[in-house]
Amino acid sequence: MKIPMMIDAVRNKNPLIHNITNQVVVNFTANGLYALGASPVMANAVEETADMARNADALLLNIGTLTSDQVEAMIEAGKVANEKGIPVVFDPVGVGATPYRNQVAAKILEEVNVSIVRGNAGEVSQLAGLEAEVRGVDASGITEGKAIARHAVEALGVPVLVTGKTDVITDGKQLFEASNGSSLLTKVTGTGCLLGSVVAAFLASHPDEAVVKAATAAVTFYNVAAEQATEHANGPGSFQMAFLDALAETTNRTVSANVNIKHHILSEE
1 MKIPMMIDAV RNKNPLIHNI TNQVVVNFTA NGLYALGASP VMANAVEETA DMARNADALL
61 LNIGTLTSDQ VEAMIEAGKV ANEKGIPVVF DPVGVGATPY RNQVAAKILE EVNVSIVRGN
121 AGEVSQLAGL EAEVRGVDAS GITEGKAIAR HAVEALGVPV LVTGKTDVIT DGKQLFEASN
181 GSSLLTKVTG TGCLLGSVVA AFLASHPDEA VVKAATAAVT FYNVAAEQAT EHANGPGSFQ
241 MAFLDALAET TNRTVSANVN IKHHILSEE
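At position 185 of the sequence shown the residue is numbered 185 (our numbering), and the sequence of numbers has no breaks.
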């Protein structure tokens, strides 16, 4: 997997990413995509989301701050994205918190063919109905994430990205463990949501690449940038600014020198 070339492709293509996301992270997501080299659009009015999706290179659906109108807009945009053949990244933020949120997540998965699901271990396990199955699994982080990811792919039928101390990306055939990152990512609201949009940008720029490989490249670049930002940060506030700079300034050489990935072929395990 040639991650440096994949980063270049995003910056050269400048993909248009249609984000129907939560209100808390709109500004941070837009600025993060600009810093990366992508172009964000944040339209969520049901009257225009279908038209916007027709012009986009990828679609991000994030259910962090739900409204009934937004759900309708997500479904409409998702169907257009499927017709057009562009990637759809689904971020089920907070799934499991309320019955309504669970119903919305299930509806999106039923009516939209998503390219990949991004969530933390709790969200992905809730989404896939795996809570009972993984309760006895080692909860130290890596083992738990791998087990949840593998079960979720089987249950949902789509690739998954389970974020945590080690990020796990799998489509059921191969699995990547990406271990770069910074603890400060967990101290700034919206870093996980922005990651979903960055994954969308990488998928849009690599239509012929396996989803899990493009997503792993996105995660690795993102987390190496976070490591670079941490060197210039004194806390969450300065990290947020430094991270936006790092998304723009992190070079291929830096990523190549710091990449920490393990690759597993599951059919052989």
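Cβ coordinates follow ideal geometry from the N, Cα and C atoms, glycine included.
- Excluding five sequence positions before and after K146, the CB atoms of its chain that fall closer than 6 angstroms to its own CB belong to V168, given in chain order.
- When DSSP reads this structure, I169 sits in a beta bridge with L161 and F176.
- Pairing A200 with I17 gives a Cβ-Cβ distance under 7 angstroms.
- Here S125 is not near P87, since their CB atoms are 7 angstroms or more apart.
- The Cβ atoms of F202 and I261 lie no closer than 7 angstroms to each other.
- Annotation: the continuous alpha helix (DSSP H) that includes L36 extends over V26 to L36.
- Judged by DSSP secondary structure, P236 falls within the alpha helix (DSSP H) whose first and last residues are P236 to E249.
- In this structure, the CA atom of E144 is about 10 angstroms from the CA atom of T166.
- Burial check for M52: the Cβ neighbour count within 10 Å reaches 16 or more, so the residue is buried.
- L16 carries a strand assignment under DSSP once its states are collapsed to helix, strand and coil.
- The closest CA to that of V25, considering only P40, N14 and A56, is found on P40.
- Within the same chain, and ignoring the five residues on either side of V219 in sequence, the residues whose Cβ sits closer than 6 angstroms to its Cβ are D167 and A178.
- Within the same chain, P92 come within 6 angstroms of G119 by CB-CB distance, once the 5 residues on both sides are set aside.
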